[in-house]
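If you count by the working numbering, then the sequence shown holds residues 105 to 304, one letter each, in order.
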Amino acid sequence: MVVIDRKAERFQAALEDGLIAVEADASAEDALKRAAIHRARGLIAVVGSDAENVYTVLSAHVLRPDLPIVARAETEDAVTKLRRAGATRVISPYQIGAMQIAHTALRPAVVDFFELATSSENLELAIEEIPVTSSSPLSNRSIIEANLRQRFGVIVVGIQRHDAAMEFNPEPDTAIRPGDKLVVLGRPQSLKRLEVEALA
């Protein structure tokens, strides 16, 4: 991970935390190049304002059109602009916060379950997305044929297809295709074993 920040105190704080950091304006192409954007697996744009985020996303998208970019939006208007600039995903903290409050009030047990399942402190349970390669033994087999529950002790809660369509709670006879991402729930060690086979 590389942090880009133009404020000296935040740049220094990142270094003190043991992070790699670049003291620069994140919207500048030169800063992104210094941060080795050509080798990046993704970019997260969470700078000071929506306008700065748009410029950062646009600069990154020009340099790496294939790069997954997640951006924060403070206003509804900015969501559209960030997507047009090249953001793959746009997150609105205020909207997410409002939904979280509503879900917590209406379905507290469900919220508790997902917080437990996704907490980094929880060593017993995790949710992970696992890509399936064309050479994997799982490829072109159904969930029941792959015997994932018995062999790995995991539950497939969804499959994201190659075209990004998501199938929730897939039936046992649902086919696993090359390029799919399995969204699975299970113990971390079980997920690791499944990942090895999925990427084989």
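Each residue gets a CB set at the ideal place from its N, CA and C atoms; glycine is no exception.
| Query | Result |
| --- | --- |
| Cβ-Cβ separation, Ile205 to Arg176 (assumed contact under 8 Å), whole Å | Contact flag wrong, Cβ pair sits at about 19 Å. |
| DSSP state of Val260 mapped onto helix, strand, coil | strand |
| Rounded straight-line distance, which links the Cα of Glu249 to that of Leu298 | 14 Å |
| Inter-stretch contact at 8 Å, needing at least 3 Cβ pairs: the stretch 268 to 278 / the stretch 243 to 257 | yes |
| Distance, Phe256 Cα to Ala128 Cα | 46 Å |
| Local conformation of Asp284 per DSSP, three classes | coil |
| Residue range of the beta strand (DSSP E) that includes Arg168 | First-last for Arg168: undefined, no H or E at that position. |
| Assigned secondary structure, Ala125 (DSSP; H/G/I helix, E/B strand, else coil) | strand |
| Among Val107, Pro235, Ala269, nearest to Gly122 - alpha-carbon criterion | Val107 |
| Which listed residue (Thr192, Val215, Arg193) has its alpha carbon closest to that of Met203 | Val215 |
| Sequence-distant residues of its chain with Cβ nearer than 7 Å to Ala135 (five each side left out) | Ile108, Val126, Ala128, Asp129 |
| Local Cβ density within 10 Å of Leu286, reported as buried at 16 or more and exposed below that | buried |
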